[in-house]
Amino acid sequence: MNTLFPVFLKLEELNTLVVGGGNVGLEKLEAIFRNSPKATVKLVAPEIRDEIKALVPHHNLTLIQERYDISHLEGMDIVTAGTDSKEVNRQVRDDCKAKRILVNIADTPDLCDFYLSSVVVKEDLKIAISTNGKSPTFAKRFREILEEIIPENLQETLNNLQAIRNKLKGDFQSKVQKLNEITKVMQE
């Protein structure tokens, strides 16, 4: 049973640290900036791929080319790590726990406070998919299926529903009831 609590974070209002400058670090950065283009991110690693360096002019990304140290956690709200060293990854996790900072350690579910989900984005609609850390590959494949079947013109529907919602009068319950009546046609 998946007991994870789904949440969408406003990363542009948080300070994020990525530990690792290789393929995994690049993958984490791409996921972060694809979903939160205005996120403030620091990346620390003794070696940093050129593809990561190429992201700096396009994002609020600071690169620190040195070995990870607990001092890199100062001012951080959320951390993700994916280095080639299990010892470094474990140290990042332990340091984050001591400082009460949420942490994700790539490919190590037991060391994670949260998982990065596979995400479907159709303008304002965003759907996160989790397999409870069991199979990120399945989540990716399922995301691809959803991307294909969700219509491109869904944004128009969302805009129309927002306009209706903004015009509705009454208490919360009556608004929910009216929106339920309107969206019932989507089941047919």
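Residues in the sequence shown are numbered from 8 upward in steps of one, following the working numbering.
Glycine included, every Cβ here is placed at the ideal spot set by N, Cα and C.
As the structure is a prediction and not an experimental result, all values here were calculated from the model.
The stretch 17 to 60 contains, as complete beta strand (DSSP E) runs of 3+ residues, the segments 22 to 26 and 47 to 51 (chain order).
Membership of LEU11 in any beta strand (DSSP E) is not indicated, and neither H nor E is assigned to it by DSSP.
Counting other Cβ atoms within 10 Å of its Cβ, ARG100 reaches 16 or more and is therefore classed as buried.
Excluding the 5 residues flanking it on each side, ASN9 has same chain C-beta neighbours closer than 6 Å at ASN139, in chain order.
In this structure LEU118 is in contact with ASN96, their Cβ atoms being roughly 7 Å apart against a cut-off of 8 Å.
When DSSP states are grouped into helix, strand and coil, LEU175 belongs to the coil group.
Only residues of its own chain outside the window of five on either side were considered, and among them ALA46, THR47, ASP84 and ILE85 have a CB closer than 8 Å to the CB of LEU21, listed in chain order.
Judged by beta-carbon spacing, ALA88 lies beyond the 8 Å limit of GLY177, meaning their Cβ atoms are not closer than that value. The beta carbon of LEU33 sits closer than 7 Å to those of ARG56, GLU58 and ILE59, all from its chain and outside the five residues before and after it, given in chain order. Scanning LEU132, PHE149 and SER181 for the CA closest to the CA of ASN166 turns up LEU132. By the C-beta density criterion, SER78 is exposed, having fewer than 16 other C-beta atoms within 10 angstroms.
Rounded to whole angstroms, ARG150 and GLU54 show a C-alpha spacing of 32 Å. Between LEU153 and ILE134, the C-beta gap is smaller than 8 Å, which places the two residues in contact.
If you compare the alpha carbons of GLU73, ARG74, LYS174 and LYS35 with that of ILE112, the shortest gap goes to LYS35. Straight-line measurement puts the Cα of PHE179 at about 49 Å from the Cα of ALA52. For ALA113, no alpha helix (DSSP H) segment is defined, and its DSSP state is neither H nor E.
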